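Asks: Quick one: this structure, given as structure tokens, is what I'll be asking you about.
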Amino acid sequence: MTSLRPGRQVDAVRRPSRPVRAAGVAVLTAMLLSGCGSWWGSDDKPALPGERIAVMPEKADIRIDPAVASEAITVPPAWQNGEWPQTSGYGNHAMHALAGPETPVEAWRGDAGVGSGGAKRLMAQPVMADGRIYVLDADSNVVALDASTGRGVWSVELAPDSDLLEGAYGGGLAIADGRIYAATGFGDVVALNPADGVELWRTSMHTPFRAPPAAGEGRVFVQSFDNQLIALAGDSGRELWRHGGVPATQMILGGAAPGVLGNLVVAAYSSGDLVALRGDSGRVGWAETLAGFAAAGSSLSALTDILSDPVIDRDMVFAGTVGGRIAAFDVRSGLRVWEQPFKVNQTPWVADTTVYVVVDSTRLVAMRRSDGRVRWVVDLPAFEDPEDREDPIRWTGPVLAGGRLYLASSAGSLMALNPTDGSKTSETDVGGAVNISPIVADGKLYVLRDDATLIAYR
Numbered sequence: 005m006t007s008l009r010p011g012r013q014v015d016a017v018r019r020p021s022r023p024v025r026a027a028g029v030a031v032l033t034a035m036l037l038s039g040c041g042s043w044w045g046s047d048d049k050p051a052l053p054g055e056r057i058a059v060m061p062e063k064a065d066i067r068i069d070p071a072v073a074s075e076a077i078t079v080p081p082a083w084q085n086g087e088w089p090q091t092s093g094y095g096n097h098a099m100h101a102l103a104g105p106e107t108p109v110e111a112w113r114g115d116a117g118v119g120s121g122g123a124k125r126l127m128a129q130p131v132m133a134d135g136r137i138y139v140l141d142a143d144s145n146v147v148a149l150d151a152s153t154g155r156g157v158w159s160v161e162l163a164p165d166s167d168l169l170e171g172a173y174g175g176g177l178a179i180a181d182g183r184i185y186a187a188t189g190f191g192d193v194v195a196l197n198p199a200d201g202v203e204l205w206r207t208s209m210h211t212p213f214r215a216p217p218a219a220g221e222g223r224v225f226v227q228s229f230d231n232q233l234i235a236l237a238g239d240s241g242r243e244l245w246r247h248g249g250v251p252a253t254q255m256i257l258g259g260a261a262p263g264v265l266g267n268l269v270v271a272a273y274s275s276g277d278l279v280a281l282r283g284d285s286g287r288v289g290w291a292e293t294l295a296g297f298a299a300a301g302s303s304l305s306a307l308t309d310i311l312s313d314p315v316i317d318r319d320m321v322f323a324g325t326v327g328g329r330i331a332a333f334d335v336r337s338g339l340r341v342w343e344q345p346f347k348v349n350q351t352p353w354v355a356d357t358t359v360y361v362v363v364d365s366t367r368l369v370a371m372r373r374s375d376g377r378v379r380w381v382v383d384l385p386a387f388e389d390p391e392d393r394e395d396p397i398r399w400t401g402p403v404l405a406g407g408r409l410y411l412a413s414s415a416g417s418l419m420a421l422n423p424t425d426g427s428k429t430s431e432t433d434v435g436g437a438v439n440i441s442p443i444v445a446d447g448k449l450y451v452l453r454d455d456a457t458l459i460a461y462r
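For the numbering used here, count along the sequence shown from 1 and bump the result up by 4.
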């Protein structure tokens, strides 16, 4: 049986495609959508002028395909990953089936710094390597914790000036080549020593980063809010090349980490463009778009953001937009293999022949990997007050560990589902809102609450 651990190297240079040229840079505050407060809490400031777009999506018409629903879903054997070094696991974001708890039991909880509150947002997924977990908190501090006990090891402030922290949320962390790379909301890329947090180098790009970095082959890749993908030398921070995507006229906070596998880099821009490039040169192999394919009647149709990390798995790349499209592309040519009109803001999870993805923030869908046909769909709790349809719930995940699909919610739930049919196997109260997908490493499941409390489950 072919191994389903993070995959082989693929060079994406088969055919040239249309260039995606840079346009002008808009002022960020004019681009942020009002109405996102339902996800992040209320905002007492006066509303900005302009068109309002509802961020609670209308539910798509998801039809189960009887022909594939009758097929048995094979869950591959679990393997134990010793680390979770980048957002969504490894650089290609394809982790398959991991060792983890079948029924979660709390092992410890620790303080991971400053959480969300006011204008501050905790947005970055933790990363883990060599027995330590690292968190970029809402004040742009990097906090290191012992993965066995949850005790703090060190903490480093990244902002050179506290004035830079106003609205400077976003970015994230990646670990590679013995360094921690941090992309920040105030426009700096910083490399740290994982042992003690000592700064190794800093490069100021003068443009905010909302997405986490990615790293591989001695390079670190960062993507700015105005859709510039920049490659830096991992040992020095020297710029190697950059690629300009088309800036989006409207966007939701956050962004997708580039997908990296060997010399292949896949950038997912907020414009809805998906671009495959050579990591060593920035040469474009292919470019496609998910823009203009929004679900019919969707109030999110004007949004083209790809917030979910592109997944590079064997012969395909998977990506989806909040406006209403998830698609699979041939990794070499960029040709579209299949697509579905689903609104996606969470990274799809690929395991063997199945793709699992959260749709509309409140449903979990299992699709056949080869053609996107729906195997099953499960409705998740959508409101804390379902009778009055108040206090909407947002679900993050899934991750597949211990033979269970785990999702966490803004209502403070950690839910486990059977990956073969979507039936619920357990639900745990984590004691606070969660808006970041859980991570898995060394057989443990880690959940980062909005208040920066990190909880480990075994």
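Idealized CB from N, CA, C, for every residue including glycine. Just so you know, these numbers come straight off a predicted model, no measurement behind them.
Using alpha carbons as the reference points, say which of Asp309, Arg408, Ala437 lies closest to Asn231.
Replies: Of the listed residues, the one whose Cα sits closest to Asn231 is Asp309.
Asks: Would DSSP call Ala71 helix, strand or coil?
Replies: Helix.
Asks: DSSP three-state call for Lys124: helix, strand or coil?
Replies: Lys124: strand per DSSP, three-state reduction.
Asks: For a minimum of 3 consecutive residues, which ranges assigned as the beta strand (DSSP E) are wholly contained in the stretch 250-296?
Replies: Fully enclosed beta strand (DSSP E) runs of 3 or longer: 263-265, 268-272, 277-282, 288-293.
Asks: Please report the straight-line C-alpha distance between Tyr410 and Arg367, rounded to a whole angstrom.
Replies: Looking at the two C-alpha atoms, the distance is approximately 13 angstroms.
Asks: Three or more C-beta pairs under 8 angstroms: does that hold for the stretch 204-216 against the stretch 257-271?
Replies: Judged by Cβ distances under 8 angstroms, the stretch 204-216 makes contact with the stretch 257-271, as three or more pairs qualify.
Asks: Which residues share a DSSP beta bridge with Ser208?
Replies: Ser208 pairs with Asp192.
Asks: Note down the Cα distance separating Ala151 from Ser413, rounded to an integer number of angstroms.
Replies: If I take the Cα positions, the gap works out to 23 angstroms.
Asks: Expressed to the nearest angstrom, what Euclidean distance is found between the alpha-carbon atoms of Ile184 and Gly222?
Replies: Roughly 12 angstroms between the two C-alpha positions.
Asks: Is Trp83 buried or exposed, if buried means 16 or more other CB atoms sit within 10 Å of its CB?
Replies: Trp83 should be labelled exposed.
Asks: Less than 9 angstroms between the C-beta atoms of Ala405 and Ala101, yes or no?
Replies: Contact flag set, yes.
Asks: In the DSSP output, which residue or residues are listed as bridge partners for Arg340?
Replies: Beta-bridge pairing links Arg340 to Phe333.
Asks: Out of Ser144, Glu110, Glu106, which has the shortest C-alpha to C-alpha gap to Tyr450?
Replies: Nearest of Ser144, Glu110, Glu106 to Tyr450, Cα basis: Glu110.
Asks: Could you give the distance in angstroms between the alpha-carbon of Leu268 and the alpha-carbon of Val438?
Replies: Distance between the alpha carbons of Leu268 and Val438 is about 32 angstroms.
Asks: Take Arg25 and list the residues in its own chain whose beta-carbon comes closer than 8 angstroms to its own, dropping the five residues that flank it on each side.
Replies: Legend: pLDDT at Arg25 = 30, less than 50; position of this residue unreliable, value from coordinates given subsequently. Cβ neighbours of Arg25 beyond the five flanking positions: Gly248, Val250.
Asks: Could you tell me which whole beta strand (DSSP E) segments of length 3 or greater appear in the stretch 349-432?
Replies: DSSP runs (the beta strand (DSSP E)) wholly in the stretch 349-432: 353-355, 358-363, 367-372, 378-383, 387-389, 394-396, 399-405, 408-413, 417-421.
Asks: Classify Asn145 as helix, strand or coil using the three-state DSSP reduction.
Replies: Strand, per DSSP.
Asks: Helix, strand or coil: which one does DSSP assign to Lys448?
Replies: Three-state result, Lys448: strand.
Asks: Can we say the stretch 378-387 touches the stretch 114-133, given the rule of at least three CB pairs closer than 8 angstroms?
Replies: Short answer: they don't touch.
Asks: What first and last residue would you give for the beta strand (DSSP E) that runs through Asp455?
Replies: That residue, Asp455, is in no beta strand (DSSP E); it is neither H nor E in DSSP.
Asks: In whole angstroms, what is the alpha-carbon distance linking Leu294 and Val361?
Replies: Their backbone Cα atoms lie some 17 angstroms apart in a straight line.
Asks: Pull up the CB-CB distance for Ala272 and Val224, whole angstroms please, since I reckon it's below 8 angstroms.
Replies: Wrong, their Cβ atoms sit about 17 angstroms apart, outside the cutoff.
Asks: Less than 9 angstroms between the C-beta atoms of Phe322 and Val363, yes or no?
Replies: Cβ atoms of Phe322 and Val363: not closer than 9 angstroms.
Asks: When DSSP labels each residue in this structure, what does Arg223 get in the three-state scheme?
Replies: Note: Arg223 maps to strand in three-state DSSP.
Asks: Using only alpha-carbon positions, find the residue among Arg408, Arg373, Arg329 that is nearest to Val348.
Replies: With distances taken between Cα atoms, Val348 lies closest to Arg329.
Asks: Do the CB positions of Ala456 and Asp115 come within less than 9 angstroms of each other?
Replies: Yes. Within cutoff.
Asks: Leaving out the 5 sequence neighbours to the left and right, which residues in its chain are closer than 6 angstroms to Lys448 when beta-carbon positions are compared?
Replies: Excluding residues within five positions, the ones whose Cβ falls inside 6 angstroms are Ala460, Arg462.
Asks: Please confirm if Leu418 has its CB atom under 9 angstroms from at least one CB of chain D.
Replies: Within the model displayed, chain D is absent; a lone protein chain is all it includes.
Asks: What's the gap between the Cα of Asp454 and the Cα of Leu196?
Replies: Those two C-alpha atoms are separated by around 24 angstroms.
Asks: Can you tell me whether DSSP reads Glu87 as helix, strand or coil?
Replies: The answer is coil: DSSP assigns Glu87 none of H, G, I, E or B.
Asks: Within 10 Å of its beta-carbon, does Leu452 have 16 or more other beta-carbons around it, so buried, or fewer, so exposed?
Replies: It is buried - the Cβ of Leu452 has at least 16 other Cβ atoms within 10 Å.
Asks: Report the option in Asp317, Arg372, Pro352 whose CA atom is closest to the CA atom of Trp342.
Replies: Closest option to Trp342, Cα to Cα, is Arg372.
Asks: So, is Val354 buried or exposed, given that buried needs 16 or more other C-beta atoms within 10 angstroms?
Replies: Val354 should be labelled buried.
Asks: Using the DSSP secondary-structure output, state which residues sit across from Gln129 in a beta bridge.
Replies: None, per the DSSP bridge assignment.
Asks: Find out if the Cβ-Cβ distance for the pair Ala163, Asp143 is shorter than 9 angstroms.
Replies: Against a cut-off of 9 angstroms, the Cβ pair of Asp143 and Ala163 comes out as a contact.
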